[in-house]
Amino acid sequence: MSWLDEALRDMTQRMDVAIRAALSPEPRAGELMRPERLLAAMQHGTLNGGKRLRPLLMSECAAAFGRADDGVLVAAAALECLHSYSLVHDDLPAMDDDDLRRGQPTVHKAFDEATAILAGDSLLTLAFDLIAEPSVHPDAAVRLRLSQDLARAAGVGGMAGGQMLDLQAEHRTLGEEEIRTLQAMKTGALLRYACEAGARLGNASPEDVARLRRYGEVIGLAFQLADDLLDLEATPEVMGKATGKDAEAGKATLVSLYGADRTRQILAGLVEEATTLVAGLGPAGERLAGIAAFVAFRSH
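Right, dumping it as structure tokens:
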């Protein structure tokens with residue numbers, strides 16, 4: 055899908071510009087100064103590659119309802135800062151203890167653990183600074199809803215809570231529903247948010263917001279299934295990070311429950327559902343269907 059490769063490259067460039075602007079050395083109103091080392095660590099954690107899938111999903115969901123301006127990019131940059139914070143913290147020795155991220159040293163390796171913690175903290179708070187920008191949406195009530203939804207997707211009932219469940223799941227046998235809940239929180243919450251928020255940015259109807267929310271849930275499950283499959287089968291060179299860590303840690307996954315062949319069948323069904331959900335949304339809907347296929351069947 056050359057169009058998707060081009061779209062991801064374009065989104066990467068636009069996100070890099072937006073994030074560099076947000077991480078400029080000049081203090082924003084209300085700030086006293088910005089420590090150079092902390093900014094460098096934040097930049098290392100956000101500008102070291104990555105697919106920029108979440109910003110692309112938000113942008114395409116907004117475009118499906120006629121919104122395609124720089125304010126959408128600011129909201130997408132907020133989401134990417136929050137996503138990057140989670141990766142910086144997940145890589146820490148107390149969590150997943152990873153030395154590589156996207157083929158580069160993780161933040162705590164490139165700097166130190168204390169700086170990595172502060173960089174993650176700062177990226178998290180910067181996300182809410184950005185989502186409150188007037189350019190994101192002219193209606194302050196919409197910006198407030200976007201901020202609240204982001205907090206819930208990222209916090210105790212979302213991504214952070216999912217990470218806690220994941221840590222507790224080591225060397226335990228989990229059932230299918232427990233694994234699905236864990237993964238919907240840890241990985242799916244921000245992907246769901248990207249799609250739902252994109253619809254809200256485009257002033258979609260409540261019915262269409264719900265439809266894009268469900269599309270995001272499907273994408274989130276497909277992403278995690280594909281990721282677990284890659285962790286089982288791909289090499290560290292292809293992935294740009296260590297693989298086989300789930301099995302080593304004794305973590306239960308749906309892939310370990312179903313097996314690789316059944317997992318691929320489930321992924322095909324998820325792509326079909328996602329395609330149905332975005333049917334009728336014009337060119338943006340066609341692109342969203344293509345993104346679903348990419349998420350499910352990617353090789354890295």
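Taking the working numbering, the leading residue of the sequence shown gets 55, the next gets one more, and so forth.
Every residue, glycine too, gets a C-beta built ideally from N, C-alpha and C.
Option nearest Leu-101 by Cα separation, candidates Ala-83, Glu-85, Met-65 and Gly-84
For the purposes of this step, residue 101 is taken as residue 47 along the sequence shown, with counting starting at 1. The residue with the shortest Cα to Cα distance from Leu-101 is Met-65.
Might you give, ordered along the chain, the residues of its own chain that have their beta carbon closer than 6 angstroms to the beta carbon of Leu-219, omitting 5 neighbours on each side?
Walking along the sequence shown from the start, residue 219 turns up at place 165. Same-chain partners within the cutoff: Leu-236.
Cross-strand partners of Arg-155 (DSSP beta bridge):
The residue you call residue 155 lines up with position 101 of the sequence shown. According to DSSP, which records beta bridges pairwise, Arg-155 is partnered with Gln-158.
Every unbroken alpha helix (DSSP H) inside the region 183 to 228 [4 residues or more]:
Runs of the alpha helix (DSSP H) lying entirely within the region 183 to 228 and spanning at least 4 residues, in chain order: 194 to 208 and 213 to 222.
Among Gly-211, Pro-337, Ser-259 and Val-161, the one whose alpha carbon lies nearest that of Leu-243:
Numbered from 1 along the sequence shown, position 189 holds the residue referred to as residue 243. The amino acid occupying residue 243 in the given sequence is Ala; Leu does not appear at that position. The residue from Gly-211, Pro-337, Ser-259 and Val-161 with its alpha-carbon nearest to that of Ala-243 is Gly-211.
How far does the alpha helix (DSSP H) with Val-332 in it extend, from its first residue to its last?
Counting from 1 along the sequence shown, the entry for residue 332 is found at position 278. Unbroken run through Val-332: none, as it is neither H nor E.
Need the endpoints of the alpha helix (DSSP H) that Glu-80 sits in, please.
Here the question's residue 80 lines up with position 26 in the sequence shown. Glu-80 -> no alpha helix (DSSP H), and no H or E assigned at all.
Cβ-based burial, Ala-350 [other Cβ within 10 Å; buried from 16]:
Position 296 of the sequence shown, counted from the first residue, corresponds to residue 350. Buried, since its Cβ has 16 or more Cβ neighbours within 10 Å.
Rounded to the nearest angstrom, what separates Lys-295 and Asp-153 at their Cα positions?
Residue mapping note: residue 295 aligns to position 241 of the sequence shown, counting from 1. Residue mapping note: residue 153 aligns to position 99 of the sequence shown, counting from 1. Its pLDDT being 47, under 50, Lys-295 is placed unreliably in this model, and the value from its coordinates should be taken loosely. The straight-line gap from Cα to Cα measures roughly 8 angstroms.
Could you tell me whether the region 123 to 135 touches the region 189 to 209, using the rule of 3 or more Cβ pairs below 8 angstroms?
Touching, per the Cβ criterion.
What separation, rounded to the nearest whole angstrom, lies between the Cα atoms of Leu-172 and Gly-334?
Counting from one through the sequence shown, the residue named residue 172 turns up at place 118. Counting from one through the sequence shown, the residue named residue 334 turns up at place 280. Distance between the alpha carbons of Leu-172 and Gly-334: 44 angstroms.
Work out the CA separation of Ala-251 and Arg-197 for me, nearest whole Å.
One-based indexing of the sequence shown puts residue 197 at position 143. One-based indexing of the sequence shown puts residue 251 at position 197. Their backbone Cα atoms lie some 10 angstroms apart in a straight line.
Locate the alpha helix (DSSP H) running through Thr-235, then write down its first and last residues.
On the sequence shown, position 181 is the one that residue 235 refers to. Under the DSSP assignment, Thr-235 falls in the alpha helix (DSSP H) whose first and last residues are 230 to 237.
Under the rule that 16 or more other beta-carbon atoms within 10 Å means buried, what is Met-87, buried or exposed?
Locating residue 87 in the sequence shown gives position 33, counting from the first residue. Under a 10 Å Cβ-count criterion, Met-87 is classified as exposed, with fewer than 16 other Cβ atoms of the shown protein chains found around its own Cβ.
Measure from the alpha carbon of Cys-135 to the alpha carbon of each residue in Ala-248, Arg-254 and Phe-119, then state which is nearest.
By one-based count along the sequence shown, residue 135 stands at place 81. Considering only Ala-248, Arg-254 and Phe-119, the residue with the shortest C-alpha distance to Cys-135 is Ala-248.
Rounded separation between Val-142 and Arg-121 - CA only:
Start at 1 with the first residue of the sequence shown, and residue 142 comes out as number 88. Start at 1 with the first residue of the sequence shown, and residue 121 comes out as number 67. Approximately 31 angstroms, taken between the alpha carbons.
What are the boundary residues of the alpha helix (DSSP H) that includes Pro-260?
Locating residue 260 in the sequence shown gives position 206, counting from the first residue. Taken as a continuous stretch (DSSP letters only), the alpha helix (DSSP H) holding Pro-260 covers 260 to 287.
Nearest to Glu-327 by CA position, among Gln-319, Val-272, Gly-313 and Ser-353, is which residue?
Taking the sequence shown and counting its residues from 1, the one referred to as residue 327 is at position 273. Cα-wise, what sits closest to Glu-327 is Val-272.
Which residues bound the alpha helix (DSSP H) around Thr-100?
The residue you call residue 100 lines up with position 46 of the sequence shown. Its alpha helix (DSSP H) spans residues 90 to 100.
Note down, in chain order, each residue of its chain lying with its Cβ closer than 6 angstroms to the Cβ of Ile-345, except the 5 sequence neighbours on either side.
Working through the sequence shown from its first residue, we reach residue 345 at position 291. Cβ within range, chain order: n/a, list empty.
Over the uninterrupted alpha helix (DSSP H) stretch that includes Ser-138, give me the two end residues.
For the purposes of this step, residue 138 is identified with residue 84 of the sequence shown, where counting begins at 1. Taken as a continuous stretch (DSSP letters only), the alpha helix (DSSP H) holding Ser-138 covers 124 to 144.
Where Lys-295 falls: helix, strand or coil (DSSP):
Position 241 of the sequence shown, counting from 1, holds the residue named residue 295. Unreliable positioning characterises Lys-295 in this predicted model, as indicated by a pLDDT of 47, which lies under 50. A coordinate reading is not provided.
Three-state secondary structure (DSSP) at Lys-9?
With the chain running from 55 to 354 in the structure shown, residue 9 is simply not present.
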